[in-house]
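Going down the list, the protein sequences come from chains A and B. The numbering of the first sequence is the working numbering, which starts it at 23 and goes up by one. The numbering of the second sequence is the working numbering, which starts it at 23 and goes up by one.
Protein chains: 2
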Amino acid sequence: MKIETPRLRPAPVDVSALKTACSDCNLREICLPAGMSHDEIGRLDELVYTRIKVRRGDALYRAGTTFNAIYAIRSGFFKSRVVTQDGREQVTGFSMAGEILGMDGIAHGEHNCDAVALEDSEICTIPYANLESLSHDLPSLQHHFHKVMSREIVRENGVMMLLGVMRAEERLAAFLLNLSQRLNVRGYSAVEFNLRMTREEIGSYLGMKLETVSRAFSKFQTDQIIEVDQKHIRIVDVAGLRKIYAHHSQ
Amino acid sequence: MKIETPRLRPAPVDVSALKTACSDCNLREICLPAGMSHDEIGRLDELVYTRIKVRRGDALYRAGTTFNAIYAIRSGFFKSRVVTQDGREQVTGFSMAGEILGMDGIAHGEHNCDAVALEDSEICTIPYANLESLSHDLPSLQHHFHKVMSREIVRENGVMMLLGVMRAEERLAAFLLNLSQRLNVRGYSAVEFNLRMTREEIGSYLGMKLETVSRAFSKFQTDQIIEVDQKHIRIVDVAGLRKIYAHHSQ
DNA sequence: TGTTTGTTTTGACTTAGATCAAACGACTCT
DNA sequence: AGAGTCGTTTGATCTAAGTCAAAACAAACA
Chain A
23 MKIETPRLRP APVDVSALKT ACSDCNLREI CLPAGMSHDE IGRLDELVYT
73 RIKVRRGDAL YRAGTTFNAI YAIRSGFFKS RVVTQDGREQ VTGFSMAGEI
123 LGMDGIAHGE HNCDAVALED SEICTIPYAN LESLSHDLPS LQHHFHKVMS
173 REIVRENGVM MLLGVMRAEE RLAAFLLNLS QRLNVRGYSA VEFNLRMTRE
223 EIGSYLGMKL ETVSRAFSKF QTDQIIEVDQ KHIRIVDVAG LRKIYAHHSQ
Chain B
23 MKIETPRLRP APVDVSALKT ACSDCNLREI CLPAGMSHDE IGRLDELVYT
73 RIKVRRGDAL YRAGTTFNAI YAIRSGFFKS RVVTQDGREQ VTGFSMAGEI
123 LGMDGIAHGE HNCDAVALED SEICTIPYAN LESLSHDLPS LQHHFHKVMS
173 REIVRENGVM MLLGVMRAEE RLAAFLLNLS QRLNVRGYSA VEFNLRMTRE
223 EIGSYLGMKL ETVSRAFSKF QTDQIIEVDQ KHIRIVDVAG LRKIYAHHSQ
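Have a look at this one:
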């Protein structure tokens with residue numbers, strides 16, 4: 023597959039004029055401030071003072087670029103990917119509102135992967151230096167940031183399981199259930215949603231070819247487990263989907 | 023495959039009487055204290071006051087058990103694994119001296135995987151509460167701990183790449199090169215070493231069956247790239263190995 | 001020292017998913 | 001509205017790796 027070339031567009035637009043504030047963001051329960059007290063979240067507002075827009079297809083950051091901030095997705099949808107010298111990509115994750123991007127950059131001071139917007143998105147920039155210093159004053163921020171990183175480690179453990187031991191249909195079932203659950207947490211329907219990524223991107227994430235993804239979708243539809251119309255998905259039989267997923271028994 | 027049942031052995035032995043001290047540990051350059059000043063490392067000694075032994079085959083911790091500390095490997099060798107309900111395992115990593123285990127537990131307060139010793143090992147226990155509070159006084163500890171977690175995220179990105187896009191022989195080449203490099207950092211030969219894990223464990227890590235691992239080893243031997251005698255490996259042609267690895271080009 | 005148990009190797013055969021190919025539907029751009 | 005591009009579906013065929021089986025080794029045990 024070919025990786026899209028960077029588009030000739032101005033750098034991400036700074037929209038910080040629209041003052042950002044964690045304290046009145048409706049994502050505060052699932053984003054970085056999760057679990058912090060009202061007063062503590064007030065302090066967080068010092069931290070996040072830039073909000074940028076990233077247009078569909080553009081990268082928030084790219085592998086090899088200097089790391090200096092982590093990013094909270096205010097709205098939109100992203101894929102993270104590593105690209106080999108020869109241009110093949112492995113999608114390492116999909117991220118949605120309230121989730122944190124860029125933590126891979128702390129290790130070596132530069133990003134390890136690309137984060138590409140799959141739809142027009144808004145991003146809260148959290149300068150890493152500020153995060154570190156504010157973590158001093160706010161133990162709960164420190165703790166929660168550790169949790170966020172740890173959760174990423176656990177998530178990746180799950181993906182390794184997926185790629186290492188599961189079969190194609192089990193992987194796709196796991197993927198759909200995960201997506202459904204995360205959308206549900208955000209107040210969207212757990213059974214009906216639009217995919218933001220192509221079959222090829224799903225395949226890259228799940229370690230299978232786009233044709234195999236397509237065939238698995240068709241199979242699920244034939245078996246009346248889901249209804250698929252292009253990017254639109256309706257889960258008809260959640261239990262059935264769970265059974266396929268759990269069936270990485272034998 | 024069958025997971026070994028826990029052995030009837032006493033809990034890990036506390037050998038803290040042999041006072042542990044980061045400041046005169048020869049692993050301090052590659053372990054948690056890496057990059058910290060002499061004075062700072064002195065303060066670290068408060069942190070690590072228990073050293074335990076874990077015997078080969080025993081678990082340092084298991085998935086589901088309460089998280090309250092992270093662990094630095096003082097000596098020995100570990101595998102981390104997630105196990106499914108039905109008893110199949112996915113090895114998520116191999117860890118050696120100077121590396122940190124247990125960070126997966128921060129996310130939900132309990133461990134997400136098992137850490138099993140593949141040889142008799144010694145472990146420095148770092149109570150997480152202490153780490154958090156000492157991170158206050160020592161910004162460089164905080165920073166370095168973030169780095170360690172981020173590095174784990176980056177490592178797992180690499181494994182996803184491995185499992186997602188590479189072929190069997192490329193995976194094994196990547197595995198051997200990685201092992202070689204890490205042993206080398208620790209002062210061991212980069213070209214001659216003993217594997218601590220079985221073919222099945224390698225296979226689980228690399229997402230392939232033990233027979234396929236064995237065949238790939240035999241192939242490498244026939245091609246004069248390595249010499250294999252059971253667990254003993256000698257890399258004869260590093261360049262050749264790199265070429266196989268890099269050849270996830272086409 | 002011989003027996004048992006676990007690990008590795010190798011061969012023969014099978015299969016899930018990849019590859020190749022073609023057609024179709026949906027968007028974008030002018 | 002028409003041309004071109006991109007994404008998706010489906011079929012036919014191929015192949016890398018899985019499965020099954022057996023033998024050779026090595027380590028542990030009694």
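Glycine included, each C-beta is placed from N, C-alpha and C at the ideal position.
Can you give me the start and stop residues for the beta strand (DSSP E) that residue i sits inside?
{"i": "V104(B)", "result": "A91 to V105"}
{"i": "L82(B)", "result": "A81 to Y83"}
{"i": "I74(B)", "result": "T72 to V76"}
{"i": "V258(A)", "result": "Run containing V258(A): none; DSSP gives neither H nor E here."}
{"i": "G225(A)", "result": "Careful: G225(A) lies outside any beta strand (DSSP E), inside the alpha helix (DSSP H) at R221 to L228."}
{"i": "N216(A)", "result": "E214 to N216"}
{"i": "E111(A)", "result": "E111 to M118"}
Using the Cα positions of residue i and residue j, report the straight-line distance between them to the nearest angstrom.
{"i": "I257(B)", "j": "E178(A)", "result": "31 Å"}
{"i": "R29(A)", "j": "D80(A)", "result": "Any reading at R29(A) must be qualified, since the residue scores a pLDDT of 41, below 50, and its modelled position is unreliable; the value itself is stated next. Rounded to the nearest angstrom, the two C-alpha atoms are 7 Å apart."}
{"i": "E191(A)", "j": "A261(A)", "result": "15 Å"}
{"i": "R31(A)", "j": "C135(A)", "result": "Unreliable placement is indicated for R31(A), whose pLDDT of 45 sits below 50; no coordinate value is reported for it."}
{"i": "A238(B)", "j": "V76(B)", "result": "32 Å"}
{"i": "I25(A)", "j": "I175(B)", "result": "Residue placement at I25(A) is poorly supported in this model, since its pLDDT is 47, which falls under 50; the coordinates are not used for a value here."}
{"i": "Q164(A)", "j": "A94(A)", "result": "16 Å"}
{"i": "T27(A)", "j": "F89(A)", "result": "With a pLDDT of 42 at T27(A), under the threshold of 50, the predicted position of this residue should be treated as unreliable, and no value is reported."}
{"i": "H332(A)", "j": "T87(A)", "result": "In the structure as shown, chain A starts at 23 and stops at 272, and residue 332(A) therefore has no counterpart that could be examined."}
{"i": "A129(A)", "j": "K169(B)", "result": "4 Å"}
{"i": "S271(A)", "j": "I52(B)", "result": "Because S271(A) sits at a pLDDT of 47, beneath the cut-off of 50, its placement in the model cannot be relied upon, and the following sentence gives the value as read from the coordinates. If you take the alpha carbons of S271(A) and I52(B), they lie about 40 Å apart."}
{"i": "I247(B)", "j": "M188(B)", "result": "19 Å"}
{"i": "Y227(A)", "j": "G115(A)", "result": "7 Å"}
{"i": "D159(B)", "j": "Q107(B)", "result": "43 Å"}
{"i": "L153(A)", "j": "S172(A)", "result": "17 Å"}
{"i": "L185(A)", "j": "E223(B)", "result": "16 Å"}
{"i": "L69(A)", "j": "S157(B)", "result": "19 Å"}
{"i": "L201(B)", "j": "I63(A)", "result": "44 Å"}
{"i": "D46(B)", "j": "L232(A)", "result": "54 Å"}
{"i": "L263(A)", "j": "L66(A)", "result": "40 Å"}
{"i": "H60(A)", "j": "V105(B)", "result": "39 Å"}
{"i": "F167(B)", "j": "G180(A)", "result": "23 Å"}
{"i": "A33(B)", "j": "E249(B)", "result": "Caution is warranted here: a pLDDT of 49 is assigned to A33(B), below 50, making its placement in the model unreliable, and no coordinate value can be reported."}
{"i": "L49(A)", "j": "G120(A)", "result": "6 Å"}
{"i": "Q112(B)", "j": "R193(B)", "result": "15 Å"}
{"i": "P55(B)", "j": "F99(A)", "result": "37 Å"}
{"i": "R73(A)", "j": "R204(B)", "result": "40 Å"}
{"i": "S240(B)", "j": "G131(A)", "result": "40 Å"}
Starting from residue i, trace the alpha helix (DSSP H) in both directions and tell me its first and last residue.
{"i": "T244(A)", "result": "L232 to T244"}
{"i": "N179(A)", "result": "P161 to V187"}
{"i": "V207(A)", "result": "A190 to V207"}
{"i": "H60(B)", "result": "H60 to L66"}
{"i": "A253(B)", "result": "First, the residue type needs correcting, since residue 253(B) is Lys and not Ala in the sequence shown. Careful: K253(B) lies outside any alpha helix (DSSP H) and carries neither H nor E."}
Among the candidates the options, whose CA atom is the shortest distance from the CA of residue i?
{"i": "D259(B)", "options": "Q252(B), M230(B) and F242(B)", "result": "F242(B)"}
{"i": "D126(A)", "options": "I266(A), S157(A) and R103(A)", "result": "R103(A)"}
{"i": "F207(A)", "options": "A195(A), M118(A), L184(A) and N90(A)", "result": "Phe is not the amino acid found at residue 207(A); the sequence shown has Val there. Cα-wise, what sits closest to V207(A) is M118(A)."}
{"i": "M182(A)", "options": "G229(A), L201(A) and A151(A)", "result": "G229(A)"}
{"i": "K145(A)", "options": "R78(A), P161(A), L232(A) and L217(A)", "result": "Checking the sequence shown, residue 145(A) turns out to be Ile, not Lys. For I145(A), the nearest C-alpha among the options comes from R78(A)."}
{"i": "I266(B)", "options": "V250(B), R96(B), M171(B) and A195(B)", "result": "A195(B)"}
{"i": "R96(A)", "options": "L123(A), V105(A), R110(A) and R193(A)", "result": "L123(A)"}
{"i": "L82(A)", "options": "S143(A), L69(A) and G57(A)", "result": "S143(A)"}
{"i": "A137(B)", "options": "H269(B), R110(B), A85(B) and H60(B)", "result": "A85(B)"}
{"i": "Y150(B)", "options": "G64(B), Y71(B) and L49(B)", "result": "Y71(B)"}
{"i": "R110(B)", "options": "F215(B), R193(B), M58(B) and G225(B)", "result": "G225(B)"}
{"i": "Q252(B)", "options": "A56(B), T234(B), A268(B) and R221(B)", "result": "R221(B)"}
{"i": "V10(B)", "options": "G180(B), L198(B) and F167(B)", "result": "Absent from the model: residue 10(B). The displayed extent of chain B is 23 to 272, so no value can be given."}
{"i": "E214(A)", "options": "S240(A), I255(A), G180(A) and R193(A)", "result": "I255(A)"}
{"i": "M219(B)", "options": "A56(B), K101(B), L54(B) and H269(B)", "result": "K101(B)"}
{"i": "E141(A)", "options": "N216(A), Y210(A), A268(A) and G131(A)", "result": "N216(A)"}
{"i": "I92(A)", "options": "C44(A), M58(A) and T147(A)", "result": "T147(A)"}
Residues of the segment 160 to 172 of chain B whose Cβ lies closer than 9 Å to any Cβ of chain A, in chain order: P161, Q164, H165, F167, H168, K169, V170, M171 and S172
Length at least 3, wholly inside the segment 122 to 164 of chain B: the beta strand (DSSP E) runs in chain order: 136 to 149
Against chain A: residues of the segment 96 to 110 of chain B by CB proximity under 7 Å: V104, T106, D108 and R110
Interface residues of the segment 109 to 124 of chain A facing chain B [CB-CB below 7 Å]: R110, Q112 and T114
Within 7 Å of chain A by C-beta, residues of the segment 128 to 151 of chain B in sequence order: I128, A129, N134 and C135
Interface residues of the segment 183 to 203 of chain A facing chain B [CB-CB below 8 Å]: M183, L185, G186 and V187
Interfacial residues, the segment 58 to 88 of chain A to chain B, with Cβ spacing under 9 Å: none
Selection of the segment 231 to 257 of chain B by Cβ proximity to chain A, strictly under 9 Å: none
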